[in-house]
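Here is the structure we will look at.
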Amino acid sequence: EAQVTQNPRYLITVTGKKLTVTCSQNMNHEYMSWYRQDPGLGLRQIYYSMNVEVTDKGDVPEGYKVSRKEKRNFPLILESPSPNQTSLYFCASRNSGGLSYNEQFFGPGTRLTVL
Amino acid sequence: AQSVTQPDIHITVSEGASLELRCNYSYGATPYLFWYVQSPGQGLQLLLKYFSGDTLVQGIKGFEAEFKRSQSSFNLRKPSVHWSDAAEYFCAVGARGGTASKLTFGTGTRLQVTL
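For the record, the sequence lines run as chains A and B. For the record, in the first sequence the residue sitting at position 96 is 96 according to our numbering, with numbers rising by one throughout. Count along the second sequence from 1, then add 1000; that gives the number in our numbering.
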């Protein structure tokens, strides 16, 4: 089954304790992206990756890091989480061939609470 | 820069009634347009998309949307709502021309269905 998986689904942590949210897709997609969803703000892009070893900032990258060492995986790293990073996080992937815009597939989400 | 406005934060309709969710976009040319649905505790699922051609687009679950260039709108409609349609709906715009183009989401409309 074609899917995007995220782990963990729920996480409660404390300020300053480094954490990683994993994302994996099995569709051989080049493009992967992280979003955060906050009430009244919709989804905002944090980082995206065009392919292995190619990443770039989205609209709200502060406080986050990413890496893309393998095509299928795109982990989101919070080196020193703060309470304002409490949010619902989504990973997404899509094909990026040509000029057309292909459907973006979303993971189930990770609800993060930083105390 | 592209942007999306969903003017209705919350809508309540009776089961069996018709539904229209509004979406207005800002973009310098004809964009790619999408509607996603997010059921409680779930990720985002694509309902329909507009790339070009026929301005009335059919999607899954009986939804349709009409692209109106003159009004910069892409409103989502359903003739008869079912209780299972209760969810949050997001309109999104994607820029043309480039494999790195991202999706910009609206803030969402929460649909409540009364029996």
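By construction, the Cβ of each residue, glycine as well, lies at the ideal position given by its N, Cα and C atoms.
With a threshold of 16 other beta carbon atoms within 10 Å, Q1112/B falls short and is exposed. Bounds of the beta strand (DSSP E) holding D56/A are V54 to K57. L1044/B is not a Cβ neighbour of F1063/B, given a cutoff of 7 Å. For E62/A, no chain B residue has a Cβ inside 8 Å of its Cβ, as the nearest lies near 17 Å away.
In the same chain as S1014/B, and ignoring 5 residues on each side of it, the C-beta atoms closer than 7 Å to its own belong to T1114, in chain order.
Residue pairing by DSSP puts Q1058/B in a beta bridge opposite E1064/B. Between Y1032/B and V1093/B the beta-carbon gap is near 7 Å, inside 8 Å, which marks them as a contact. Under the DSSP assignment, T15/A falls outside any beta strand (DSSP E); it carries neither an H nor an E label. For D1085/B, there is no enclosing beta strand (DSSP E), since its DSSP letter is neither H nor E. Secondary structure at R1069/B: helix, using DSSP grouped into helix, strand and coil. Counting only Cβ-Cβ distances below 8 Å, L41/A has contacts in chain B at T1107, in chain order. Below the 7 Å Cβ cutoff, chain A contributes no neighbours of Q1058/B, its closest Cβ being approximately 15 Å away. V1037/B is the residue among V1037/B, S1018/B, L1056/B and D1054/B whose C-alpha sits nearest the C-alpha of C1091/B.
Nearest CB-CB separation between E103/A and chain B: below the 7 Å threshold. Per the Cβ contact rule, the segment 44-54 of chain A is in contact with the segment 16-35 of chain A (3 or more Cβ pairs under 8 Å).
Residue burial is scored here from C-beta neighbours: Y10/A has fewer than 16 other C-beta atoms within 10 angstroms and is therefore classed as exposed. Contact between S1039/B and A1001/B fails: their C-beta atoms lie close to 30 Å from each other, not under 8 Å.
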